[in-house]
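First to last, the protein sequences are chains A and B. Be aware that the first sequence starts at 24, since it is given in the working numbering, and climbs by one per residue. Be aware that the second sequence starts at 24, since it is given in the working numbering, and climbs by one per residue. Beta carbons: idealized from backbone N, C-alpha and C, even for Gly. Remarks on the structure that follows.
2 protein chains.
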Amino acid sequence: MHDKSQTGTVDLSGQGREQAVTRKSGVALWRQIADQIRQAISAGTLGADGKLPPEMILSERFGVNRHTLRSAIAALVQEGVLRAEQGRGTFVESRQKLSYPISARTRFSTGLREQTRERRSILLADAIEPALSRVAEALGLAPDAPVLRLETLSEADGRPVSRATSWFDAERFPDFARVYAETASITLAFQHFGIEDYFRKSTLVSARHADAADLTDLKLSAGAIVLVARAINVDTAGVSVQYAETRFVADRVELSVSTEA
Amino acid sequence: MHDKSQTGTVDLSGQGREQAVTRKSGVALWRQIADQIRQAISAGTLGADGKLPPEMILSERFGVNRHTLRSAIAALVQEGVLRAEQGRGTFVESRQKLSYPISARTRFSTGLREQTRERRSILLADAIEPALSRVAEALGLAPDAPVLRLETLSEADGRPVSRATSWFDAERFPDFARVYAETASITLAFQHFGIEDYFRKSTLVSARHADAADLTDLKLSAGAIVLVARAINVDTAGVSVQYAETRFVADRVELSVSTEA
DNA sequence: TTCGATTGTATAGAACAATAGACAAATGTG
DNA sequence: CACATTTGTCTATTGTTCTATACAATCGAA
């Protein structure tokens, strides 16, 4: 059933890189095309002048009917990436990708300060629960030890950037959730508990399709990709104080690792 | 058109994490389900005993017809993730994710040595071309300076892991492609040109859908995700010697960043 | 105002995806 | 063997996606 998929190629970038749509793949053509246009815009290889080529031209490049291409554009208009004006053309609404630095001193707001006008984090939920095995291992706690779980959403310039689930030792940090809710900052909340500084020990990066909850919180459409960073933060004594699993919107964020050993 | 999508949820993990399929989203149900099963296997929350639940059970969990679920399984069988046996059940063929370390001393084979039986890199193509703007910038060369481009494929245990495009200063490293073809190692090829050691300066990590070429080379099915690492390597003097854009199969690889400041 | 270029709308048919029900074929067990 | 369990195949129906063609509406320039 899946061995007969056909692929047609298209040079969208003008730089030798080929883009393509694959038929009978389980992913609708209009969605594949929407993903590629979004990516090309982000890479600057399409709409660099703020305007997209006409629908007829684009549909020929992708080798699909004009209506199929229009579905792709409609999806991107709904996402806020494009804006179509009858008689004039289709225009790019937003372009740039945020570069999120990962280093020993990774903090949410700091690294994005120069790239955005405004940033904020929202506390969606908090709960005290027995630790899952991977959480207990990351924090160096006994299995099923009580941990505080924080669900947070981060936005930059009014658009969702990432969705994080963080765990903390509930015994060492009682009432952390309330302090965080007041300060809206992990760094400040840690200081309230006497931790002047903390460091990123390790980060595991993977990628997958966004699940249902992330789709909603991050305002994504189905099939969207998230970059997943599983990180451990330690205090100055090297003791794990936070384990976090953060999902970044792959279309809007890239992770920057500088390894100055 | 895209605002009327319906979402049904299913707890696949037994840990409170919900999985879901979204209808009318441009992604066929069987593909969404295939993606989720693959991910659940990789996370160990499904088929931990090597065997998948019967089709009837799974189709009820996902809230779809048995045939739809069978399409998902068929796709995973073709990928080599599952193996179905009439009368017996469906079994897990491969599970584990490779953890690819990113540090100042990142090299392909070293980090994967303990996780795999066998690794190899294949030179697919090489060419000398004028540098693209981002390549020239990364290597610190003049725009359109001649650069060598290498297209390589890396496999571990007989399965494709990553697909890289690397660029080198063609004037500093004449004949690099031939040397690399003979040694099958970037490290050894560099030594041939008097570079005893080199370091990873920076890495940008992003994620996107695999394009047509990567789909073919990495033997993926459409809609698959790749982790993209854009890296700059420098010699001991701090001069850029290699710029590489590597696409990792997101289902098989995660990137590990240890930030020991 | 007239015209070309462009996006928006409508309709119909073909190809694909999903559902439904029934039964065949293989496996392991009592 | 007889049986329950499980995957494999078949047919039919419905809804979604893609194609094809035609024309309307808006904009900007000649």
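- Query: Fully enclosed by the segment 196–266 of chain B, which alpha helix (DSSP H) runs are 4 residues long or longer?
  - Reply: 199–206, 209–215 and 235–240
Straight-line Cα distance separating residue 78 of chain B from residue 127 of chain B: 47 Å
- prompt: Of all the options A/182, A/215, A/187 and A/145, which has the alpha carbon lying nearest to the alpha carbon of residue 197 of chain A?
  reply: A/215
| If you draw a straight line from the C-alpha of residue 60 of chain A to the C-alpha of residue 130 of chain B, how long is it? | 33 Å
* **C-beta contact flag for residue 275 of chain A and residue 121 of chain A at 8 Å** => yes
Cut-off 6 Å between Cβ atoms - residues of its own chain near residue 247 of chain B, not counting five sequence neighbours on either side
233
Residue of B/176, B/191, B/93 and B/212 minimising C-alpha distance to residue 109 of chain B | B/93
Worksheet item: Along the chain, where does the alpha helix (DSSP H) that runs through residue 162 of chain B open and close?
Response: 156–162
| So, do the segment 247–257 of chain A and the segment 222–229 of chain A have three or more beta carbon pairs nearer to each other than 8 Å? | yes
Exercise for review: Output yes if chain B places a C-beta closer than 8 Å to the C-beta of residue 215 of chain A; else output no.
Suggested key: no
Scan the segment 227–246 of chain A for residues whose Cβ lies nearer than 9 Å to a Cβ of chain B and list them as they occur along the chain. 227, 228, 229, 230, 231, 232, 234, 235, 236, 238, 239, 244, 245 and 246
Taking the straight line between their C-alpha atoms, what separation do you get for residue 201 of chain A and residue 151 of chain A? 13 Å
**Message:** Using the three-state DSSP reduction, which class does residue 82 of chain B fall into: helix, strand or coil?
**Reply:** helix
Kindly indicate which residue of B/123, B/124, B/89 and B/100 has the alpha-carbon position closest to the one of residue 113 of chain B. B/100
Exposure label - residue 74 of chain B; buried when at least 16 CB within 10 Å
exposed
Less than 8 Å between the beta carbons of residue 191 of chain A and residue 264 of chain A, yes or no?
yes
Between which two residues does the beta strand (DSSP E) containing residue 277 of chain A stretch?
276–281
Interface partners of residue 278 of chain A on chain B, CB under 8 Å
227, 228 and 229
*Taking Cβ to Cβ, would you say residue 49 of chain A is nearer than 8 Å to residue 245 of chain B?*
yes
Ordered along the chain, which non-local residues of its own chain (more than five positions away) have a Cβ less than 6 Å from that of residue 241 of chain A?
183, 186 and 272
Residue 62 of chain A touches chain B at which residues, Cβ-Cβ below 7 Å? 231
#### Entry: chain B within 8 Å of residue 273 of chain A, Cβ atoms only
yes
* To do: Compare the Cα-Cα distances from residue 117 of chain B to each of B/72, B/91, B/222 and B/171 and report the closest residue.
  => B/72
Less than 8 Å between the C-beta atoms of residue 179 of chain B and residue 135 of chain B, yes or no?
yes
Measure the C-alpha to C-alpha separation of residue 54 of chain A and residue 81 of chain B and round it to an integer number of angstroms.
-> 27 Å
Inter-residue CB distance, residue 257 of chain A and residue 224 of chain A (contact presumed, cutoff 8 Å) = 5 Å
When Cβ atoms are compared, which residues of the segment 46–78 of chain A fall closer than 7 Å to chain B?
48, 49, 50, 51, 53, 54, 58 and 62
### Message
Just verifying my parser: in three-state terms, what is the DSSP assignment at residue 108 of chain B?
### Response
strand
Task: Proximal chain A residues relative to residue 248 of chain B, where beta-carbon distance stays under 8 Å - done: 230, 231, 232 and 248
>> For a test of the three-state rule: what should DSSP assign to residue 92 of chain B, helix, strand or coil?
In response: helix
task: Sort B/174, B/153 and B/176 by Cα distance to residue 166 of chain B and report the nearest one.
output: B/153
| task | Reducing DSSP to helix, strand and coil, say where residue 137 of chain B ends up. | result | coil
Do residue 189 of chain B and residue 173 of chain B have their CB atoms nearer than 8 Å?
yes
Do you know whose CA, among A/111, A/64, A/266 and A/204, lies nearest residue 158 of chain A's CA?
A/266
Using alpha carbons as the reference points, say which of A/89, A/203, A/277 and A/260 lies closest to residue 143 of chain A. A/203
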